[in-house]
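Working notes, beginning with the structure itself.
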Amino acid sequence: RAKDAGRQRFVLFDDSLQQTALDILELERQLRSALANDEFEPFFQPIVCLVDGHTVGYEALIRWQHPERGLLLPADFLQVAEDSGMIEDIDWHMYRLACTAATALVRDGGFITLNISPRHFRNEDFAPRLLALTAQTGFNPAQLRIEVTEGTLLGDPEAVTRVLHHLHAAGVQIALDDFGTGYSSLGYIHRFPLKMIKIDRSFVEPLGGEDTQRSRAIVEAVIALTGSLGLDVVAEGIETPAQRQALIDMGCTYGQGFLFGRPHAAGHWRATGNGHPR
Ligand code: C2E
Ligand code: MG
Ligand code: MG
Ligand code: MG
């Protein structure tokens, strides 16, 4: 019976029809049980140097091994987790697993990144708790980067600045994720202790195709900006050699995407010997 219900749900969510209040409650129930039953797992996707392809770090991305529906992506559950507030517990669980699994991945150097939900910045305890987690798992904070979005930075700039400076002082670097999809004002960027900007996949996708003028202009502007601020720039969602080449020609240093590697469990990268970042 539970299995039938699971199937029905699968169809509902998969067709992305309007979710009823009941569906959301059911998903919340399943998320709680997923936490209790340890069904979340960090996957890792390499971030590479575009010119020579060597791995410089990995982004940790949450996955849910659902007992009936199989491997679920953030798109299947993150919104409900955010809205219910459950994302805080889920993220802390995920961050612990990620730091533990990644220790071997970055033993010889390189970094991992964690995606930070905006909710955490409402919590004064976030920075000390993250640093305590690195201490407990033996993960070097200098090899940790956190990914935040433009929306997060602007939500409560003063509170966010305090948290970021606290982490930055302890060696944690800050990356601005999905750049270009949020607020278009670039003026605020220098106010935060950023190390890296990730250009959103939507600007990378058209590159190397027919009509790339607009995306090119935006990507070139971002690369110029990051260069003058001394920040690392990473292009997200690179799928083709043409996109990679276009980005190299524009002076982009780092990239991430299916062309270089899909997200996999840490064991995959250890096993393939691809895990030698410098
Ligand atoms: P994001 O941080 O922008 O992560 C990049 C997303 O692009 C990932 O999706 C990744 O699998 C996907 N991607 C990478 N390369 C390619 C490519 O070449 N082509 C295409 N089409 N996609 C590519 P994913 O893993 O489904 O994650 C989606 C979003 O969920 C992430 O976007 C991030 O905002 C959020 N997220 C992931 N893990 C966590 C987590 O542990 N905590 C929180 N709070 N959010 C997370
Ligand atoms: Mg990210
Ligand atoms: Mg992103
Ligand atoms: Mg995103």
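The numbering of the sequence shown is UniProt numbering, which starts it at 111 and goes up by one.
The beta-carbon is built from N, C-alpha and C at its ideal position, and this holds for glycine as well.
Quiz prompt | Member of Ala211, Phe187, Gln189 whose CA lies at the smallest distance from the CA of His374 | solution = Ala211
Quiz item: What number of angstroms, rounded off, separates the C-alpha of Ala352 from the C-alpha of Thr382?
Solution: 25 Å
Quiz prompt | N- and C-terminal bounds of the alpha helix (DSSP H) containing Asp193 | solution = Run containing Asp193: 184-194, per the alpha helix (DSSP H) assignment.
Exercise. Could you tell me if Phe368 is buried or exposed, where buried requires 16 or more neighbouring beta carbons within 10 angstroms of its beta carbon?
Key: exposed
Practice problem: Compare the Cα-Cα distances from Ala285 to each of Val273, Pro303, Gly297 and report the closest residue. | Solution: Pro303
Quiz item: Rounded to a whole number of angstroms, what is the C-alpha to C-alpha distance between Gln323 and Arg229?
Solution: Here the alpha carbon of Gln323 sits roughly 37 Å from the alpha carbon of Arg229.
Quiz item: Which residue comes first and which comes last in the beta strand (DSSP E) that contains Glu330?
Solution: Counting along the chain, Glu330 falls outside any beta strand (DSSP E), though it belongs to the alpha helix (DSSP H) covering 323-339.
Quiz item: Beta carbon of Asp287: closer than 7 Å to some heavy atom of ligand 2?
Solution: Yes; taking the cut-off as 7 Å, the Cβ of Asp287 has a heavy atom of ligand 2 nearer than that.
Quiz item: Hey, how far is the Cα of Arg272 from the Cα of Phe150?
Solution: Straight-line Cα distance between these residues: approximately 30 Å.
Quiz prompt | Cα-Cα separation between His278 and Arg239, rounded to whole angstroms | solution = 14 Å
Practice problem: Mark Asp321 as exposed unless 16 or more other C-beta atoms lie within 10 angstroms of its C-beta, in which case mark it buried. | Solution: exposed
Self-check item: One or two residues paired with Arg173 in a DSSP bridge
Solution: Glu151
Quiz item: Between the stretch 183-195 and the stretch 238-252, do three or more beta carbon pairs fall short of 8 Å?
Solution: no
Self-check item: Limits of the unbroken beta strand (DSSP E) element including Glu257
Solution: 254-259
Quiz item: Whose C-alpha, out of Asp287, Phe231, Pro267, Gly180, is nearest the C-alpha of Asn225?
Solution: Asp287
Quiz prompt | 6 Å CB neighbourhood of Gln253 in its chain, flanking five on each side removed | solution = Val216, Phe221
Quiz item: Per DSSP, what kind of secondary structure is Asp310 in: helix, strand or coil?
Solution: Asp310 falls in the coil class under three-state DSSP.
Quiz item: Under a three-way DSSP split, which group does Phe289 fall into?
Solution: strand
Quiz item: For Thr262, which of Arg232, His275, Val190 has the nearest alpha-carbon?
Solution: Arg232
Quiz item: In whole angstroms, what separates the C-alpha of Arg117 from that of Ile134?
Solution: Confidence at Arg117 is low in this model, with a pLDDT of 48, below 50, so the placement of that residue should be treated as unreliable; the coordinate-derived value is given next. Distance between the alpha carbons of Arg117 and Ile134: 15 Å.
Quiz item: Can Glu315 and Met360 be called in contact, C-beta distance under 8 Å?
Solution: Not in contact: Glu315 and Met360 (Cβ atoms no closer than 8 Å).
Quiz prompt | Beta-carbon proximity of Arg354 to Gly365, cut-off 8 Å | solution = yes
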